[in-house]
Amino acid sequence: MAAQTITEKILAAHAVGGTALAGETVTVRPDVVLLNDVSGPLAFEGFEEMGAARPFDPQRIVLVADHFAPAPNIAAAGAIRMTRDFAARHGIPHYYEPGNGGIEHTLLAELGMVGHGSVVFGADSHTCTAGAFNALGIGFGSTDLAAAMATGQLWMRVPDSIRVELTGRPGPYVAGKDVILEVIRRIGSDGAADASLEFGGPGLASLPVDARMAVANMAVEAGADTCVLEGDALSAARNAATGAPNGPPVAADPGASYRHRIAIDLGALSPLVARPPSPANGVPVEALRGQRVDQVYIGNCSNGTIEDLRQAAAVLRGRHVAPGVRLVVVPATQRIWRQALAEGLLDALAAAGAAVSTPTCGACFGGHMGILAAGETAIATTNRNYRGRMGDPDSQVFLANAWVAAAAAVAGEIVPPDALRAVVKAA
Amino acid sequence: MSALLQGRVHRFGDEVNTDVILPGRYLALRRPEELRAHCLEGLDPGFADRARPGDILAAGRNFGCGSSREHAVVALRAAGVGAIVAVSAARIFYRNAVNLGLPVLICPEAAAALKAGEPATVDLATASIRQGDRTWQAQPLGEEVRAILAAGGLVQRVRAALAA
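Protein chains in written order, with my numbering: chain A, -2 to 424; chain B, 5 to 168.
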């Protein structure tokens, strides 16, 4: 047997026939199937039209009302009701909504449904977030997932792999966001097309699991089919805490074949900000110093974790949001929201002038909870800054980590977090 | 689905993402007639009114990148788009399009050369594109893709398999 990548090994373990070499077309049976209130309704209709009597395994389907939740209008309320009804009709226990849920990818990990070697098929492009747990999350559209619910499997081409070798330790104010923005900056928005991004190396140990979720989440912004990080003591500890599959991490064989390799010295990274309209437009935060912002948004499936909220609160505690600037903070799940409450983070943020929201995908995708008007500028910890992403086509979004976003809220403009003290004093 | 698709060409550039094809604020909708009017609204608000049944999009690199929203394909189909010719297309969009019976041909030469406003023909049987006296050969469609298109989409293909 030829030396295999992590991606090939995990897919082979889930493939009909038991092999999965890069370039082959295989049929894969996922451990978990994930849908939300936007992708779900189209899939539920497709499922019915396919004539499927029941889902392949109700226990392995997870339905999350997160995009338009709580519902901002009647159409959204109808979509959520369809999602809830589908769960009830087919005896699907894993249905979540505001009050017990959160953003699907963060929630899935909390539920212990993704661990070492898992495969998740999600009707959402950021399903690749599962890569943080030494798992493969693969994004699809609604009709593909209707078929996955009906048959328990889908065809796919086994992706090539690109190895990202991490060394060093990140310096102050450098987060997982900066690692992935650096990768996308180097290879471009389709640099990992038809490939899986595999991260590993000695630097990985210095990235907490929450930071790894930010890394994996934006693999799709490099065009990747999926993404996987090496497993280690940190991922094993997280899996143990959530009850997720926690066998030995899946590692690549020595001599496994990679399309190419990318080396990143974490110690050499500085906080990056991606200019609109592409996540590939990362530049050092210093280069954008002075860029005015109207709104700061801290949340979403890449950076709505407790680590992100701690970073934001560390910057904002004892300070205040600049006049004329709005700060919206959206913890990714109900559990994170409650932990942030218990740690005093929500109070520190609210005292500084933040509007703290219940968990939702919210304004990240231009849905609700902080839409931008024409001419407005936001800095956000989200994953896309496409034209009109958060509202009017003539609004713009800069992407950054939570420290950088919080610093911009205080200064009213983009500023390196370590320069904030001087900026605020001078004002 | 017929193997020969004919329509007028509309040209678009690189990185036409699914957010500009169907902006997020409309994602609580899902009916074709509701989504049609918003097709490509984020990039070209007049497109839905100009499009005619069978029209062909010629586009650049990474067409359909970003969000997995199948609503983007529903909107394109509802606006009349019959085929897409691109330099490259994002994986999820490509699958979504095929699954709903909208063929995407990968052909950088045709994507660059097709003239806007003039008719062109896509031949699915040979994965070729013709306009005037010029013909281009696209990447061949994969076996699974051809089977899904031949069935009229993934719903029909799975339905047939489940009924068998």
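Glycine included, C-beta positions come from ideal geometry on N, C-alpha and C. All values reported here derive from a predicted model rather than from experimental measurement.
Extent of the continuous beta strand (DSSP E) to which B/S72 belongs
In this chain, B/S72 is not harboured by any beta strand (DSSP E), its DSSP state being neither H nor E.
Local conformation of B/N100 per DSSP, three classes:
Here B/N100 carries a helix assignment [DSSP, helix/strand/coil].
Report yes or no: do three or more beta-carbon pairs, one from the segment 159 to 176 of chain A and one from the segment 61 to 75 of chain A, lie closer than 8 Å?
No: fewer than three Cβ pairs fall under 8 Å.
Does the pairing of the segment 289 to 300 of chain A with the segment 372 to 384 of chain A give three or more beta-carbon distances under 8 Å?
Below 8 Å, enough C-beta pairs join the segment 289 to 300 of chain A and the segment 372 to 384 of chain A to call them touching: three or more.
Any idea if A/Q56 is buried or exposed, counting beta-carbon neighbours within 10 angstroms, 16 or more meaning buried?
Per the 10 Å Cβ criterion, exposed.
Using a beta-carbon distance below 7 Å, is B/V159 in contact with chain A?
Under the Cβ distance rule, B/V159 counts among the residues neighbouring chain A, one pair being separated by less than 7 Å.
Identify the continuous alpha helix (DSSP H) that holds B/L158 and give its terminal residues.
DSSP places B/L158 in the uninterrupted alpha helix (DSSP H) bounded by 158 to 167.
For B/F16 and B/G64, which I take to be in contact (beta-carbon distance under 8 Å), what is that distance rounded to the nearest angstrom?
Contact flag correct, Cβ pair sits at about 7 Å.
Do you know whose CA, among A/G198, A/H257, A/D222, lies nearest A/G228's CA?
Across the set A/G198, A/H257, A/D222, the C-alpha of A/G198 shows the shortest separation from the C-alpha of A/G228.
Of all the options B/E113, B/A117, B/L158, which has the alpha carbon lying nearest to the alpha carbon of A/T140?
Among B/E113, B/A117, B/L158, the Cα nearest to that of A/T140 belongs to B/L158.
The segment 41 to 52 of chain A / the segment 118 to 136 of chain A touching (three or more Cβ pairs under 8 Å):
Judged by Cβ distances under 8 Å, the segment 41 to 52 of chain A makes no contact with the segment 118 to 136 of chain A, as fewer than three pairs qualify.
Evaluate contact between the segment 78 to 92 of chain A and the segment 183 to 201 of chain A, counting only Cβ atoms and requiring at least three cross-stretch pairs below 8 Å.
With a cut-off of 8 Å, the segment 183 to 201 of chain A and the segment 78 to 92 of chain A do not count as touching, because too few Cβ pairs lie within range.
Going straight from the alpha carbon of B/L61 to that of A/L343, what length do you get?
One Cα belongs to B/L61, the other to A/L343, and the distance between them is close to 48 Å.
Please tell me whether A/L39 has its Cβ less than 7 Å away from any Cβ of chain B.
Under the Cβ criterion of 7 Å, A/L39 is counted among the residues facing chain B.
Quick check on the DSSP output: the beta strand (DSSP E) that includes A/Q443 runs from which residue to which?
Since the first residue of chain A shown is -2 and the last is 424, residue 443 of chain A is not available in this structure.
Start and end residues, alpha helix (DSSP H) containing A/L369
Boundaries for A/L369: no alpha helix (DSSP H) harbours it, and the DSSP string shows neither H nor E there.
Beta-carbon proximity of A/V155 to A/A19, cut-off 7 Å:
Contact: yes.
Looking only at C-alpha atoms, which of A/A230, A/N236, A/R258 sits nearest to A/F196?
Answer by Cα proximity: A/R258.
Euclidean distance between Cα positions of A/A49 and A/A84:
Rounded to whole angstroms, A/A49 and A/A84 show a C-alpha spacing of 15 Å.
Give a yes or no on whether the C-beta atoms belonging to B/A101 and B/A55 are separated by under 7 Å.
Their beta carbons are not under 7 Å apart, which means B/A101 does not touch B/A55 by this criterion.
Helix or strand or just coil, what does DSSP make of A/N380?
In the structure shown, A/N380 sits in coil (DSSP, three-state: anything other than H, G, I, E or B).
Reference B/R138, options B/G146, B/K119, B/E148, B/A151, closest by Cα
The residue with the shortest Cα to Cα distance from B/R138 is B/K119.
May I ask you to list the residues that DSSP assigns as paired with B/P123?
Paired residues: B/R12.
Using the C-alpha atoms, what's the distance from B/G136 back to A/N214?
Taking the straight line joining both Cα atoms gives about 45 Å.
So is A/R418 buried or exposed if we call it buried at 16+ other beta carbons inside 10 Å?
It counts as exposed.
Nearest chain B C-beta to A/W152 closer than 7 Å, yes or no?
Interface with chain B (7 Å Cβ-Cβ cutoff): A/W152 is included.
Find the residues of chain B that neighbour A/S36, judging by a C-beta separation of less than 8 Å, and give them in chain order.
Those are S72, R73, E74, listed as they occur along chain B.
Name the residue from A/F395, A/A106, A/I303 whose alpha carbon lies nearest to the alpha carbon of A/L31.
Here the closest residue by C-alpha is A/A106.
Tell me the DSSP bridge mates of A/H11?
Bridge partners of A/H11: none, in fact.
Which residues of chain A have a Cβ atom closer than 7 Å to the Cβ of B/G96, listed in chain order?
It should be noted that the sequence gives Ile, not Gly, for residue 96 of chain B. What B/I96 touches in chain A, judged by beta-carbon distance under 7 Å, is S122, G136, F137, G138, going in chain order.
By how many angstroms is the C-alpha of B/P123 removed from the C-alpha of A/M366?
Per the coordinates, the alpha-carbon of A/M366 lies some 44 Å from the alpha-carbon of B/P123.
With a CB to CB cut of under 6 Å and the five nearest residues on each side skipped, what residues in its chain are close to A/A352?
Result list for A/A352: V325, in chain order.
In chain order, what residues of the same chain lie with their CB nearer than 7 Å to the CB of A/G128, ignoring the 5 residues before and after it?
Result list for A/G128: G134, A213, A216, T223, C224, V225, L226, in chain order.
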